[in-house]
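Under the numbering used here, the first residue of the sequence shown carries the number 1, and numbering increases by one thereafter.
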Amino acid sequence: MGKHQGWYWVGLAALLRSSSAAAQVPADTLPRGRFLHPTTRVGELVEYELSYHHAPALEVIFPDSAAKFGPFEYADRQFFPTFTRQGRSLDRTVYRLRTFSLDSVQSLSLPITVLHGADTLTIPTEPAPCDWYVRPLP
């Protein structure tokens, strides 16, 4: 975990303890980011899914095309409307990205923003790895 990333978790814990959000956001509910296919080749599109389960009353904002996707480049995204069932909501977006980096393993962590009254909280995902590979010659 990076030096600054630890402060996100401290901020989340403080928000959960100090506001009415504590009753609405379980402490174990964090956003999840993952590559739908864990390998890619240079220049090929790869899909990264970002999802977040939360209380229906929370307003959640996912990154747009201006976000920092490094070492990947943003190509497109598919947004899915919020789905709510049995008192839990799911927000989900699939980003289509590509990379031109030659590092054998690359990772991505995108943050979500949660708005609750006057409070704004940015919560990062755990880094999701993506392996780079070379297709063998026939």
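Even glycine gets a Cβ: it sits at the ideal position worked out from N, Cα and C.
When the Cα atoms are used, what is the spatial distance from Tyr74 to Leu97? As a position in the sequence shown, residue 74 is number 74, starting the count at 1. As a position in the sequence shown, residue 97 is number 97, starting the count at 1. Rounded to whole angstroms, Tyr74 to Leu97 spans 5 Å at the Cα level.
Could you check the C-alpha separation between Ser65 and Asp76 for me, to the nearest Å? Taking the sequence shown and counting its residues from 1, one reaches residue 65 at position 65. Taking the sequence shown and counting its residues from 1, one reaches residue 76 at position 76. Approximately 8 Å between the Cα atoms of the pair.
Write down the C-beta distance between Pro31 and Thr125 rounded to the nearest angstrom, noting that I regard them as a contact closer than 8 Å. Within the sequence shown, the letter at position 31 stands for residue 31. Within the sequence shown, the letter at position 125 stands for residue 125. Contact holds; Cβ gap of about 5 Å.
Grab the span of the beta strand (DSSP E) containing Pro31 for me, first residue to last. The residue given as residue 31 occupies position 31 in the sequence shown. Segment: none, Pro31 is in no beta strand (DSSP E) and carries neither H nor E.
What span of residues does the beta strand (DSSP E) with Ala128 cover, start to end? Here residue 128 corresponds to residue number 128 of the sequence shown, with the count starting at 1. Ala128 -> beta strand (DSSP E) spans 128-132.
Between Val60, Ser101, Val94, which lies nearest to His116 when the distance is taken from Cα to Cα? Numbered from 1 along the sequence shown, position 116 holds the residue referred to as residue 116. The shortest C-alpha to C-alpha distance from His116 to any of Val60, Ser101, Val94 is the one to Val60.
Along the beta strand (DSSP E) that carries Val46, what are the first and last residues, could you check? By 1-based counting over the sequence shown, the position of residue 46 is 46. Segment 45-54, the beta strand (DSSP E) holding Val46.
Distance between Ile112 and Phe62 (C-alpha atoms, nearest Å): In the sequence shown, residue 62 corresponds to position 62, counting from 1. In the sequence shown, residue 112 corresponds to position 112, counting from 1. Their Cα atoms are separated by approximately 5 Å.
Assign Phe72 to one of two classes, buried (16 or more other C-beta atoms within 10 Å of its C-beta) or exposed (fewer than that). By one-based count along the sequence shown, residue 72 stands at place 72. Counting Cβ neighbours within 10 Å, Phe72 comes out buried, since at least 16 surround it.
Counterpart residues of Arg77 in DSSP-defined beta bridges: Here residue 77 refers to the residue found at position 77 when the sequence shown is read from its first residue. Answer is Tyr95.
Run of the beta strand (DSSP E) containing Asp119, from where it starts to where it stops: Walking along the sequence shown from the start, residue 119 turns up at place 119. Residues 119-124.
On the DSSP letters alone, give me the boundaries of the beta strand (DSSP E) that Ser107 sits inside. Taking the first residue of the sequence shown as position 1, residue 107 is located at position 107. Per DSSP, Ser107 belongs to the beta strand (DSSP E) from 105-108.
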